[in-house]
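Quick note, the sequence shown lines up with residues 360 to 528 if you use my numbering.
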Amino acid sequence: MNKSVLILAGDDYEDLELQYPLLRLREAGKWPVVAGRAAGALHRGKHGYPCHTDRAFDDIDPDAFAGVIAPGGWMPDQLRRDERVLALVRAFDAAGKLVASICHGGWICISAGIVRGRRYTGSRGIRDDLVNAGAVWCDEAAVVDGHHVSARKPDDLPEFMKAVLAALE
């Protein structure tokens with residue numbers, strides 16, 4: 360089983376929603392890889408926590424990963440405009456691999472066109488966006504629909520990561 364998991368990164372990510380999954384994946388014996396527009400780039404979270412990217416989006420082969428995680432914050436609003444990010448997320452979905460999003464991270468899945476007919480949650484701020492994209496809104500801490508896992512907010516991280524790790528097994 361592939362133990363590598365891609366985590367999307369960019370400026371203004373929600374600090375806990377990137378850092379908590381990164382640490383939990385390491386703790387579980389997985390190999391998280393943080394990807395952004397450039398390898399080695401420094402990004403700051405909404406609350407100032409720094410994050411360096413391991414790889415650039417252009418250097419990612421979805422076949423080398425077990426899944427992808429899209430943290431929230433304001434970052435997803437920028438990344439969902441990047442066709443490379445959308446192509447990566449679509450490739451994970453098409454392969455039936457983990458596609459996980461938390462809070463505003465669901466914006467990336469919406470823009471990738473992969474939420475229609477699926478049970479999803481996210482920040483209340485993207486509820487209408489999910490519904491308008493054809494998702495079935497669920498106001499739950501963690502929602503699992505096939506290989507998709509979604510959560511609402513930082514307080515949901517324990518349930519989110521339990522579901523993510525279960526999906527990876």
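The beta carbon of each residue, even a glycine, is placed where N, CA and C say it ideally should be.
Owing to the predicted nature of the structure, the values given are computational and were not obtained by experimental measurement.
Please report the distance separating the alpha-carbon of residue i from that of residue j.
i	j	result
residue 376	residue 410	12 Å
residue 482	residue 511	5 Å
residue 400	residue 472	28 Å
residue 408	residue 495	33 Å
residue 479	residue 420	26 Å
residue 442	residue 470	10 Å
residue 444	residue 437	10 Å
residue 417	residue 499	34 Å
residue 379	residue 369	16 Å
To which residues of the same chain is residue i closer than 7 Å at the C-beta, ignoring the five residues directly before and after it?
i	result
residue 373	404, 405, 430, 431, 432, 462 and 513
residue 435	429, 463, 464, 466 and 467
Leaving out five residues before and five after residue i in sequence, what residues of the same chain have Cβ atoms less than 6 Å from its Cβ?
i	result
residue 468	460 and 474
residue 522	501, 503 and 508
residue 371	405, 432, 433 and 434
residue 490	496
residue 519	461, 501 and 510
residue 446	none
residue 449	471
How would you call residue i, buried or exposed, if buried means at least 16 neighbouring beta carbons within 10 angstroms?
i	result
residue 509	buried
residue 362	exposed
residue 527	buried
residue 382	exposed
residue 487	exposed
residue 385	exposed
residue 517	exposed
residue 515	buried
Within a Cβ cutoff of 8 Å, which residues of the same chain sit near residue i, ignoring the five residues on either side of it in sequence?
i	result
residue 397	412 and 415
residue 424	361, 363, 364, 365, 392, 451 and 456
residue 440	470
residue 426	364, 365, 451, 456, 457, 458, 459, 506, 523, 526 and 527
residue 388	362
Name the DSSP bridge partner or partners of residue i?
i	result
residue 414	394
residue 479	496
residue 385	Partner(s): none; residue 385 has no beta bridge.
Inset, instruction - Flag this pair as touching only if the stretch 496 to 510 and the stretch 443 to 459 have three or more C-beta atom pairs under 8 Å; answer yes or no. - result: Between the stretch 496 to 510 and the stretch 443 to 459 there are three or more C-beta pairs closer than 8 Å, enough to call the two in contact.
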